[in-house]
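K.L.:
Number of protein chains: 2
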Amino acid sequence: MTYELARRVAGARGSIIRDLLKLASEPGMISFGGGAPEPAAYPVDLIADITARAFLEQPKTLLAYGISEGYPPFVNSLKSYLEKTEGFDFSENELLILSGGQQCADITAKMFVNEGDTIAVERPSFVGCMNAFRSYGAKLVDIPLEDDGVNLDKLEEAFRTQNVRLFYLISTFQNPSGVTTSDKKRKAIYELAKHYNVIIFEDNPYGELRYSGQKIPAIKSYDEAGLVVYTGSFSKTLAPGMRVGFLVYNKALHQQFKILKQGMDVHSSTLYQLVCHEFLTQHDYPGHLKQLIARYSVKADKMAAMMDKYFHPSITWRKPEGGFFIMAFLPEGMDSLPFVQEAIRRKVITVPGYAFLADSSQTSNGIRLNFSLPDMDQIERGIKILGELSHEWLCQPKAV
Amino acid sequence: MTYELARRVAGARGSIIRDLLKLASEPGMISFGGGAPEPAAYPVDLIADITARAFLEQPKTLLAYGISEGYPPFVNSLKSYLEKTEGFDFSENELLILSGGQQCADITAKMFVNEGDTIAVERPSFVGCMNAFRSYGAKLVDIPLEDDGVNLDKLEEAFRTQNVRLFYLISTFQNPSGVTTSDKKRKAIYELAKHYNVIIFEDNPYGELRYSGQKIPAIKSYDEAGLVVYTGSFSKTLAPGMRVGFLVYNKALHQQFKILKQGMDVHSSTLYQLVCHEFLTQHDYPGHLKQLIARYSVKADKMAAMMDKYFHPSITWRKPEGGFFIMAFLPEGMDSLPFVQEAIRRKVITVPGYAFLADSSQTSNGIRLNFSLPDMDQIERGIKILGELSHEWLCQPKAV
Numbered sequence: 001m002t003y004e005l006a007r008r009v010a011g012a013r014g015s016i017i018r019d020l021l022k023l024a025s026e027p028g029m030i031s032f033g034g035g036a037p038e039p040a041a042y043p044v045d046l047i048a049d050i051t052a053r054a055f056l057e058q059p060k061t062l063l064a065y066g067i068s069e070g071y072p073p074f075v076n077s078l079k080s081y082l083e084k085t086e087g088f089d090f091s092e093n094e095l096l097i098l099s100g101g102q103q104c105a106d107i108t109a110k111m112f113v114n115e116g117d118t119i120a121v122e123r124p125s126f127v128g129c130m131n132a133f134r135s136y137g138a139k140l141v142d143i144p145l146e147d148d149g150v151n152l153d154k155l156e157e158a159f160r161t162q163n164v165r166l167f168y169l170i171s172t173f174q175n176p177s178g179v180t181t182s183d184k185k186r187k188a189i190y191e192l193a194k195h196y197n198v199i200i201f202e203d204n205p206y207g208e209l210r211y212s213g214q215k216i217p218a219i220k221s222y223d224e225a226g227l228v229v230y231t232g233s234f235s236k237t238l239a240p241g242m243r244v245g246f247l248v249y250n251k252a253l254h255q256q257f258k259i260l261k262q263g264m265d266v267h268s269s270t271l272y273q274l275v276c277h278e279f280l281t282q283h284d285y286p287g288h289l290k291q292l293i294a295r296y297s298v299k300a301d302k303m304a305a306m307m308d309k310y311f312h313p314s315i316t317w318r319k320p321e322g323g324f325f326i327m328a329f330l331p332e333g334m335d336s337l338p339f340v341q342e343a344i345r346r347k348v349i350t351v352p353g354y355a356f357l358a359d360s361s362q363t364s365n366g367i368r369l370n371f372s373l374p375d376m377d378q379i380e381r382g383i384k385i386l387g388e389l390s391h392e393w394l395c396q397p398k399a400v
Numbered sequence: 401m402t403y404e405l406a407r408r409v410a411g412a413r414g415s416i417i418r419d420l421l422k423l424a425s426e427p428g429m430i431s432f433g434g435g436a437p438e439p440a441a442y443p444v445d446l447i448a449d450i451t452a453r454a455f456l457e458q459p460k461t462l463l464a465y466g467i468s469e470g471y472p473p474f475v476n477s478l479k480s481y482l483e484k485t486e487g488f489d490f491s492e493n494e495l496l497i498l499s500g501g502q503q504c505a506d507i508t509a510k511m512f513v514n515e516g517d518t519i520a521v522e523r524p525s526f527v528g529c530m531n532a533f534r535s536y537g538a539k540l541v542d543i544p545l546e547d548d549g550v551n552l553d554k555l556e557e558a559f560r561t562q563n564v565r566l567f568y569l570i571s572t573f574q575n576p577s578g579v580t581t582s583d584k585k586r587k588a589i590y591e592l593a594k595h596y597n598v599i600i601f602e603d604n605p606y607g608e609l610r611y612s613g614q615k616i617p618a619i620k621s622y623d624e625a626g627l628v629v630y631t632g633s634f635s636k637t638l639a640p641g642m643r644v645g646f647l648v649y650n651k652a653l654h655q656q657f658k659i660l661k662q663g664m665d666v667h668s669s670t671l672y673q674l675v676c677h678e679f680l681t682q683h684d685y686p687g688h689l690k691q692l693i694a695r696y697s698v699k700a701d702k703m704a705a706m707m708d709k710y711f712h713p714s715i716t717w718r719k720p721e722g723g724f725f726i727m728a729f730l731p732e733g734m735d736s737l738p739f740v741q742e743a744i745r746r747k748v749i750t751v752p753g754y755a756f757l758a759d760s761s762q763t764s765n766g767i768r769l770n771f772s773l774p775d776m777d778q779i780e781r782g783i784k785i786l787g788e789l790s791h792e793w794l795c796q797p798k799a800v
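In structure tokens, the structure reads:
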């Protein structure tokens, strides 16, 4: 038969990055293309111990249908944790446990966005969330991201002229750019969103991995108007395969979010919610975060030092204060795709910036470099290769 | 702020049954209201052993990002299993692992249904799937279910007049009615769907739990035109908390289904996919099914015997050949809701048939009785109470 698919499916697309990463398993490849935590950093033994004990003590809790809003002890412990670490007010807000950050984006789009509605995103932005938005028929408009967050004039222009329903941002250590939105811009974004009645969808999967500088409060922490939907995840700090993420939003939205979750997959993994709960209540989660910070900050420093040493001076980038990424920029107007393709021929994988654009038929001069997955030696060798290429690329006339 | 939600959210609703089941935990309640396997039937020790070994041998496989289409060894072993048990042809079809049957319904609606499109369902039908369909703005039209499947004239009328995109049926041991669609009607449904270019969404979570009678081939097994999307699950046979379900559909749809799954939650639990894989390849899964059949058929027999003994003769019902449910019917035209409410006052929970209607503002004379969860003594006592009530209800003039 000839299949007539829903219109929204035409907008859905795969991740360019996932295709790129298939190359990463080829022998001799050095990959800066990934975006995941280092497997050696998973707290395997603790997760295995908690799992074994849970199967011994409460197997039927693990294996029966669970509760759509989340495993109750974890809902409580995570609320306490977020009150303490983020200053959230759970007399006004509620928490919903979901199957990873990706489902958080999916359900938020399902909740607020009609086909043809506009979602504003940062330029560049995280491709996984943009794909979730597209899968509900959303129109994306992108707002240029500067060193301290989006350009406010452009954001206001979009709010004023395009009936934006939702503004999606990763407020701290953004993927792919590494940018952290400044406190001043966060407050300005909040005021604009309030004025134009736009929901802010604040994504913060990397915020706890800060290597330097001062923590900046989440927009959600001063959201008295109830317009921020905040999302976090244990994918970067414990393990992505557990698929544990969460949303925090105004209480008035709880009943509808619960119903949507129930209709999507009934509930998220009780086992892995219990693992997260035990981490928060029985183990030294802050100590675990400190270990991760030690592990990744060394790599961030190394990558930055190597880029300093080897990259052509006309390539610009900023040393990251946290997260997993550095974004390097070829001179304004240059397309990074041929550079990335040549680098792959030289066995170094990076992600070309166009993959992170709302309209991926446009070009970008950005190149995303991940430092969480490669080891120190790969960082040194890979950046050297990219550096040599940058000198060839920028000092010689390009072959046509 | 005043929240403006997506239109589809207005159609989404919670399960009436989930609300009812909150009563089930009250002391002294006998519940025939559930729809889950008996926790004592979960193969806890084996699942715990497989889990412990997996964490020892391949923790990083469990904890890293997995593959959106499913854990590859499980995809292969499940294809082999379905080739053997259901006669599916995987040279023409593909398999996608999803997070339980609920996600299978969600993604299928997302794939095929635009807001305002019509989905035909059986009358009565499974409320969880209807809620998933509603959450994409689908209009539901219900087709009366007879003892051997839906009324074909009404089905054709709907196909002819209502631009139906999808026909959803549980072909074997339907929830809530217990009805199995006959081979003859399956073939007629298939021909109608082919003629009117309608996708058949064939749901079969109970098919392996047959207590008597002959297996009837799934419609998918002779789907040469590629119009059947088939869904199954390990929730009834292993454990619902594992959230492992799957779709089988024509290869031409695979790329788009994978992309949708990636955007929804990246991938389903690798751990529990591995548990299912081990069951299919290293353990005696057919033997496990035999044990379940022995366990549940005794309960089905008991409930049927008690209904024979205690129920007023004007209540009609059929002895189930499998699955978890018997549906009893008050005389034509009577509303079962007051009967169910009075039974709850007498400490017996059942589900009123209106909960399973596309338009739940209508009334139904049906009452769903679950026999998988209560024990033998509860079945005896509970049916006796319902039986006594039926005699009062049907022999005396009702108080107004």
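These protein sequence lines map, in sequence, to chains Z and D. Following our numbering, the numbering of the first sequence begins with 1 at its first residue and continues without gaps. Following our numbering, the numbering of the second sequence begins with 401 at its first residue and continues without gaps. Don't be surprised by glycine CBs; every beta carbon is placed ideally from N, CA and C. None of these values were measured; they are calculated from a predicted model.
(1) Give me the residue from D:Leu463, D:Lys484 and D:Val751 with the minimum Cα distance to leucine 737 of chain D.
(2) Put alanine 10 of chain Z into one of helix, strand or coil per three-state DSSP.
(3) Tell me the start and end of each unbroken beta strand (DSSP E) in the segment 180-232 of chain Z that is at least 3 residues and wholly inside, in chain order.
(4) Taking the alpha carbon of threonine 281 of chain Z as the reference point, which residue from Z:Leu78, Z:Thr363 and Z:Ala40 has its own alpha carbon closest?
(5) Applying the 10 Å Cβ sphere with the 16-neighbour rule, what's the burial state of leucine 63 of chain Z?
(6) Does the Cβ of arginine 7 of chain Z have 16 or more other Cβ atoms within 10 Å, making it buried, or fewer, making it exposed?
(7) Run through the segment 634-699 of chain D for me and flag every whole alpha helix (DSSP H) of 4 or more residues, listed as ranges in chain order.
(8) Spell out the partners DSSP gives serine 772 of chain D in its beta bridges.
(9) For the segment 32-60 of chain Z, which residues have a CB atom closer than 8 Å to at least one CB atom of chain D, in sequence order?
(10) Quick one: does serine 99 of chain Z have its CB under 8 Å from some CB of chain D?
(11) Using the Cβ count rule (16 or more neighbours within 10 Å means buried), how would you classify leucine 389 of chain Z?
(12) Quick check on this structure: which residue in D:Phe724, D:Asp708, D:His683 and D:Gln662 has the alpha carbon closest to the alpha carbon of valine 9 of chain Z?
(13) What three-state label does DSSP hand leucine 478 of chain D in the structure shown?
(14) Could you tell me the boundaries of the alpha helix (DSSP H) in which aspartate 359 of chain Z lies?
(15) Would a C-beta distance cut-off of 8 Å place isoleucine 24 of chain Z and isoleucine 383 of chain Z closer than the cut-off?
(16) Near glutamate 157 of chain Z, which residues of its chain fall below 6 Å by C-beta distance, leaving aside the five closest residues on each side in sequence?
(17) Identify the residues that DSSP records as bridge partners of tyrosine 568 of chain D: which are they?
(18) Between the segment 516-535 of chain D and the segment 704-722 of chain D, are three or more C-beta pairs nearer than 8 Å?
(19) What residues in its chain sit with their C-beta under 6 Å from that of glutamate 191 of chain Z, if we drop five residues either side in the sequence?
(20) Compare the Cα-Cα distances from glutamine 691 of chain D to each of D:Ala440, D:Thr402 and D:Phe432 and report the closest residue.
(21) Which residues share a DSSP beta bridge with proline 752 of chain D?
(22) For threonine 181 of chain Z, count neighbouring C-beta atoms within 10 Å of its own C-beta (all shown protein chains included) and say buried if the count is 16 or more, exposed if not.
(23) Nearest chain Z C-beta to leucine 773 of chain D closer than 8 Å, yes or no?
(24) Under 8 Å between the Cβ atoms of alanine 639 of chain D and isoleucine 450 of chain D?
(25) On the DSSP bridge assignment, give the partners of aspartate 141 of chain Z in chain order.
(26) If you reduce the DSSP assignment to three classes, tell me which class asparagine 131 of chain Z lands in.
(27) Residues of chain D with a CB under 9 Å from the CB of aspartate 106 of chain Z: which are they?
(28) Which residue comes first and which comes last in the beta strand (DSSP E) that contains isoleucine 497 of chain D?
(29) Less than 8 Å between CB atoms is the rule here; does glutamate 115 of chain Z satisfy it with respect to chain D?
(30) With respect to the alpha helix (DSSP H) encompassing alanine 728 of chain D, which residues constitute its N-terminal and C-terminal limits?
(31) Would you check if the segment 558-575 of chain D and the segment 521-533 of chain D touch, i.e. whether three or more CB-CB distances between them fall below 8 Å?
(32) Taking only beta-carbon positions, decide if serine 135 of chain Z is within less than 8 Å of chain D.
(33) Among residues of its own chain, excluding the 5 on either side of valine 400 of chain Z, which ones have a beta-carbon nearer than 7 Å to its beta-carbon?
(34) Between glycine 100 of chain Z and arginine 243 of chain Z, is the Cβ-Cβ spacing less than 8 Å?
(35) Measuring straight from C-alpha to C-alpha, what distance separates proline 443 of chain D and leucine 555 of chain D?
(36) If I'm right that phenylalanine 173 of chain Z touches tyrosine 206 of chain Z with Cβ under 8 Å, what's the distance once you round it to whole angstroms?
P.N.:
Per the coordinate set shown:
(1) D:Val751
(2) helix
(3) 199-203
(4) Z:Leu78
(5) buried
(6) exposed
(7) 654-665 and 670-681
(8) Answer is none; serine 772 of chain D lacks a bridge partner.
(9) Ala36, Pro39, Tyr42, Val44, Ile47, Ala48, Thr51, Ala52, Phe55, Leu56, Pro59 and Lys60
(10) yes
(11) buried
(12) D:Gln662
(13) helix
(14) First-last for aspartate 359 of chain Z: undefined, no H or E at that position.
(15) This sequence places alanine at residue 24 of chain Z; isoleucine is not what is there. For alanine 24 of chain Z and isoleucine 383 of chain Z, no; Cβs fall outside 8 Å.
(16) none
(17) D:Val521 and D:Phe601
(18) no
(19) none
(20) D:Ala440
(21) D:Ile767
(22) buried
(23) no
(24) no
(25) The question names aspartate, but residue 141 of chain Z in the sequence shown is valine. Per DSSP, Z:Ala120.
(26) helix
(27) Gly663, Met664 and Asp665
(28) 493-498
(29) yes
(30) Here alanine 728 of chain D belongs to no alpha helix (DSSP H); instead the beta strand (DSSP E) covers 725-729.
(31) yes
(32) yes
(33) Because valine 400 of chain Z carries a pLDDT of 46, less than 50, the predicted location of this residue cannot be relied on, and the following value inherits that uncertainty. There are no such residues.
(34) yes
(35) 40 Å
(36) 4 Å
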